[in-house]
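In my numbering, the protein residues as written are 359 to 688.
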C-alpha cells in the first residue's frame with residue numbers, strides 16, 4: 359500500500375504539500391497540484407481516514423439523531439440529507455432516539471464520541487435547554503422544530519399553515535362539523551397543526567365545533583380516535599388528520615362502520631406519503647416538503663462546520679394536494 363511519503367517523492371514535493379492538495383487548500387499552484395494528483399493516481403494512494411481526521415481535526419462525518427428509521431416523511435428527509443452530504447464527501451452516521459429523551463441523549467453521546475463534525479437532530483424528548491446547550495458545544499442543526507435562542511440553526515415546516523390549509527379546504531366545501539385527530543401533543547409539529555386547525559375553525563365562526571382527539575401519527579392511532587369519537591357520540595362530516603397514516607387508520611375504521619369516504623365523511627391527511635396516492639382516487643393531504651428540507655439541513659450543517667452559516671431559520675411552506683377523499687357534505 360502506497361504511503362504519503364512515496365506520493366511526495368514521485369511528485370517531487372514535500373509531504374506537507376501533498377496534504378495541502380488533499381485538503382483542497384488554495385495555497386498550492388495548479389502545476390504542483392496536477393503533479394500530486396497524478397502521483398496519487400499512479401500509486402493508487404488511499405489516505406488513512408483516521409490519521410487525516412487527527413491532522414485536520416475533522417472527521418468528514420455528520421451525525422443524525424432521528425426518531426424512527428421507519429416512516430415515509432423521515433425516510434425522504436434522511437435520503438436527501440445523505441445524498442447532499444455524500445456529494446461533498448461527507449459521511450452520514452445515524453442513531454435512533456425513539457422519541458425518548460434518555461435514548462436521544464444516548465444517541466447524541468454516541469455520535470459525539472465518533473467525533474462527528476456536526477450533528478443533525480430530529481428529536482422530541484430533549485428539552486429546548488438541552489438543545490441550546492448542545493448547539494453551544496457542537497455545530498448542530500435542529501430539524502422540524504423551532505428552538506428559541508438557536509432559531510438560525512433550525513429547519514422546519516410551517517405546520518400552523520399546513521393545519522390551517524387542511525381545515526380551510528374542508529370549510530370551503532361547506533363542512534362545519536370537522537374534527538381533528540392530532541399527533542402526540544407533546545410534539546411541536548403536532549401542536550402547531552392543531553393550532554392551524556383551531557384558527558381556521560374560529561375564523562369561520564365554528565369555534566363551538568372544535569374537537570381535537572390526540573393520536574400518535576400511526577394508523578392504529580387513527581382507528582382508535584374514530585372509535586373514541588363514535589363511543590362519545592360525536593357527530594362529524596370531516597376529519598383533519600395529523601398524518602397520512604392517521605388518515606388511513608381513520609378511513610379503515612369508518613369503512614368498518616359502513617361510513618363511505620368521501621360521501622359520508624371527508625378526510626385530509628398530512629405529509630403526502632407515497633402510499634397515500636394508492637388508495638382509490640388518492641388521499642387529499644398536505645404536502646410536507648421533506649426533500650427540500652433535507653437539502654437545506656445538509657447545507658446548513660456544512661455551513662456550520664465551515665463557519666459560514668446564514669443567520670436566519672429555514673421555514674418551508676407546505677401546500678394542499680387535493681385528491682378523492684374530500685367533497686361537499688351530503
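By construction, the Cβ of each residue, glycine as well, lies at the ideal position given by its N, Cα and C atoms.
What first and last residue would you give for the beta strand (DSSP E) that runs through residue i?
{"i": "residue 443", "result": "Not the beta strand (DSSP E): residue 443 falls in the alpha helix (DSSP H), residues 430-445."}
{"i": "residue 627", "result": "624-629"}
{"i": "residue 594", "result": "That residue, residue 594, is in no beta strand (DSSP E); it is neither H nor E in DSSP."}
{"i": "residue 309", "result": "The displayed coordinates of the chain run from 359 to 688. Any statement about residue 309 would go beyond what the structure contains."}
{"i": "residue 498", "result": "498-501"}
{"i": "residue 390", "result": "That residue, residue 390, is in no beta strand (DSSP E); its alpha helix (DSSP H) goes 388-401."}
Starting from residue i, trace the alpha helix (DSSP H) both ways and give me its first and last residue.
{"i": "residue 636", "result": "Here residue 636 belongs to no alpha helix (DSSP H), and DSSP marks it neither H nor E."}
{"i": "residue 575", "result": "It is not in any alpha helix (DSSP H) - residue 575 carries neither H nor E in the DSSP assignment."}
{"i": "residue 365", "result": "362-369"}
{"i": "residue 527", "result": "517-530"}
{"i": "residue 607", "result": "602-614"}
{"i": "residue 421", "result": "Looking at the DSSP string, residue 421 is not in any alpha helix (DSSP H); the run it does join, the beta strand (DSSP E), is 419-424."}
{"i": "residue 469", "result": "459-471"}
{"i": "residue 450", "result": "No alpha helix (DSSP H) contains residue 450, which is instead part of the beta strand (DSSP E) from 449-454."}
{"i": "residue 666", "result": "From DSSP, residue 666 is part of no alpha helix (DSSP H); its letter is neither H nor E."}
{"i": "residue 427", "result": "First-last for residue 427: undefined, no H or E at that position."}
How many Å lie between residue i and residue j at the Cα?
{"i": "residue 431", "j": "residue 644", "result": "12 Å"}
{"i": "residue 585", "j": "residue 493", "result": "43 Å"}
{"i": "residue 478", "j": "residue 630", "result": "23 Å"}
{"i": "residue 533", "j": "residue 436", "result": "37 Å"}
{"i": "residue 396", "j": "residue 403", "result": "10 Å"}
{"i": "residue 459", "j": "residue 424", "result": "12 Å"}
{"i": "residue 545", "j": "residue 685", "result": "30 Å"}
{"i": "residue 663", "j": "residue 476", "result": "6 Å"}
{"i": "residue 661", "j": "residue 668", "result": "8 Å"}
{"i": "residue 603", "j": "residue 673", "result": "24 Å"}
{"i": "residue 457", "j": "residue 605", "result": "21 Å"}
{"i": "residue 453", "j": "residue 365", "result": "37 Å"}
{"i": "residue 393", "j": "residue 446", "result": "23 Å"}
{"i": "residue 567", "j": "residue 462", "result": "38 Å"}
{"i": "residue 655", "j": "residue 387", "result": "34 Å"}
{"i": "residue 378", "j": "residue 360", "result": "18 Å"}
{"i": "residue 607", "j": "residue 444", "result": "37 Å"}
{"i": "residue 467", "j": "residue 640", "result": "42 Å"}
{"i": "residue 571", "j": "residue 582", "result": "10 Å"}
{"i": "residue 619", "j": "residue 613", "result": "8 Å"}
{"i": "residue 385", "j": "residue 391", "result": "10 Å"}
{"i": "residue 496", "j": "residue 658", "result": "13 Å"}
{"i": "residue 371", "j": "residue 428", "result": "50 Å"}
{"i": "residue 680", "j": "residue 635", "result": "11 Å"}
{"i": "residue 596", "j": "residue 587", "result": "12 Å"}
Shortest alpha-carbon distance to residue i belongs to which of the options?
{"i": "residue 682", "options": "661, 651, 609", "result": "609"}
{"i": "residue 577", "options": "595, 539, 562, 517", "result": "539"}
{"i": "residue 555", "options": "591, 524, 451", "result": "524"}
{"i": "residue 511", "options": "491, 528, 529", "result": "491"}
{"i": "residue 398", "options": "375, 593, 417, 387", "result": "375"}
{"i": "residue 481", "options": "389, 569, 472, 465", "result": "465"}
{"i": "residue 617", "options": "688, 471, 496", "result": "688"}
{"i": "residue 503", "options": "547, 497, 542", "result": "547"}
{"i": "residue 598", "options": "622, 614, 522, 638", "result": "522"}
{"i": "residue 426", "options": "496, 575, 531, 550", "result": "575"}
{"i": "residue 648", "options": "615, 623, 501", "result": "501"}
{"i": "residue 600", "options": "513, 541, 517, 550", "result": "541"}
{"i": "residue 553", "options": "517, 587, 638, 595", "result": "517"}
{"i": "residue 678", "options": "666, 469, 628, 595", "result": "628"}
Give the C-beta separation of residue i and residue j to the nearest angstrom, bearing in mind that I take them to be a contact with Cβ-Cβ under 8 Å.
{"i": "residue 515", "j": "residue 646", "result": "5 Å"}
{"i": "residue 442", "j": "residue 676", "result": "Their Cβ separation, rounded to whole angstroms, is 21 Å, which puts residue 442 and residue 676 out of contact at 8 Å."}
{"i": "residue 433", "j": "residue 455", "result": "Wrong, their Cβ atoms sit about 16 Å apart, outside the cutoff."}
{"i": "residue 692", "j": "residue 642", "result": "In the structure as shown, the chain begins at 359 and stops at 688. Residue 692 is therefore absent and cannot be evaluated."}
CB-CB under 6 Å to residue i, same chain, minus the five flanking residues each way: which ones, in chain order?
{"i": "residue 652", "result": "435, 438, 439"}
{"i": "residue 526", "result": "558"}
{"i": "residue 486", "result": "505"}
{"i": "residue 593", "result": "535"}
{"i": "residue 513", "result": "501, 651, 654, 655, 672"}
Grab me the residues of residue i's own chain with a C-beta within less than 8 Å of its C-beta, minus the 5 sequence neighbours each way, in chain order.
{"i": "residue 529", "result": "536, 558, 559, 562, 564"}
{"i": "residue 368", "result": "397, 400, 401"}
{"i": "residue 472", "result": "417, 419, 421, 451"}
{"i": "residue 498", "result": "476, 477, 478, 479, 489, 492, 508, 511, 662"}
{"i": "residue 632", "result": "430"}
{"i": "residue 413", "result": "For residue 413, the predicted model reports a pLDDT of 49, less than 50, meaning its position is unreliable; a value from the coordinates is still stated below. Cβ within range, chain order: 377."}
Note down, in chain order, each residue of its chain lying with its Cβ closer than 7 Å to the Cβ of residue i, except the 5 sequence neighbours on either side.
{"i": "residue 474", "result": "417, 419, 420, 421, 451"}
{"i": "residue 373", "result": "362, 363, 366"}
{"i": "residue 579", "result": "573, 604, 607"}
{"i": "residue 650", "result": "674"}
{"i": "residue 549", "result": "543"}
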